[in-house]
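S.K.: Sequential numbering of the sequence shown, starting at 1, is according to our numbering.
Cβ atoms here follow ideal geometry from the backbone N, Cα and C, with glycine treated the same way.
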Amino acid sequence: MAALALVATLAACHNNGEVRQHDTSHYDVITEKSYLVRESKPASNPETDSVAAKQQAFITYLESKGFKRHLIQKDSILFRRENSLEVEMILAPPTDTWDMHTIIAFDPAKNPFFVNLHRDSSQLVRYVEGPRPDSTAK
1 MAALALVATL
11 AACHNNGEVR
21 QHDTSHYDVI
31 TEKSYLVRES
41 KPASNPETDS
51 VAAKQQAFIT
61 YLESKGFKRH
71 LIQKDSILFR
81 RENSLEVEMI
91 LAPPTDTWDM
101 HTIIAFDPAK
111 NPFFVNLHRD
121 SSQLVRYVEG
131 PRPDSTAK
């Protein structure tokens, strides 16, 4: 058992501080506090107008909190967090108005967050203003 612990410790030390490099050319790499949206073609009908208005309200809130706009360029996205963890996402092609107006919020201290346009803004407020994962409750 002690030998197994020693091997695990040596393996952990071997990778300590070493940043693995991998090909990210197929990814849209996100490292800063931002929100991601797809470029949508304007089509006017009541449902699209309603979804676009809700999306714009969420975008206005995010921009007021310092999030920068990022247009999704590729379906494969790589989020790099402050703690060096990476989160990979592969987006399916949009199938309806709701998918086309998707918003993904990203704070490098947290995991990416898909904004649910079917819900109110409280979900987004909790993500943006909630405690940072490295903070401790006292």
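#1: Suppose the cutoff is 7 Å on Cβ atoms and the five residues either side in sequence are ignored; what does the same chain contact list for M100 look like?
#2: I'd like the list of long-range same chain contacts for A52, defined as Cβ closer than 7 Å, with 5 residues on each side in sequence excluded.
#3: Quick check on this structure: which residue in K68, E86 and V29 has the alpha carbon closest to the alpha carbon of I77?
#4: Would you kindly work out how many angstroms separate the C-alpha atoms of E82 and Q73, rounded to a whole number?
#5: Between the beta-carbon of Y217 and the beta-carbon of D96, is there less than 9 Å?
#6: Rounded to whole angstroms, how far is the Cβ of S122 from the Cβ of F58, which I believe are closer than 8 Å?
#7: Quick check on L85: does DSSP put it in helix, strand or coil?
#8: Compare the C-alpha of D75 against each of E32, P131 and S25 and name the closest.
#9: Have a look at N111 and V87 and give me their C-alpha separation to the nearest angstrom.
#10: Should R119 be listed as close to the ligand SAH, given that the test is whether its C-beta is under 8 Å from any heavy atom?
#11: Mind pulling the alpha helix (DSSP H) runs of 4 or more residues that sit fully within the stretch 52-107?
#12: Return the residue from the list T48, T31, L62 and G66 that minimises the CA-CA distance to I103.
M.R.: Reading from the atomic positions:
#1: Only R38, S40 and P94 meet the Cβ criterion.
#2: So the list reads H101, once near-sequence residues are dropped.
#3: With distances taken between Cα atoms, I77 lies closest to V29.
#4: Going from the Cα of E82 to the Cα of Q73 covers about 22 Å.
#5: Nothing can be reported for residue 217, as the shown portion of the chain is limited to 1 through 138.
#6: About 12 Å separates the two Cβ atoms, so there is no contact after all.
#7: In this structure, DSSP gives L85 a state outside helix and strand, which the three-state scheme calls coil.
#8: Out of E32, P131 and S25, the CA that lies nearest to the CA of D75 is found in S25.
#9: Rounded to the nearest angstrom, the two C-alpha atoms are 7 Å apart.
#10: No copy of the ligand SAH occurs in the structure displayed, which carries no ligand at all.
#11: The qualifying runs are 97-100.
#12: Of the candidates T48, T31, L62 and G66, the one whose C-alpha sits nearest the C-alpha of I103 is L62.
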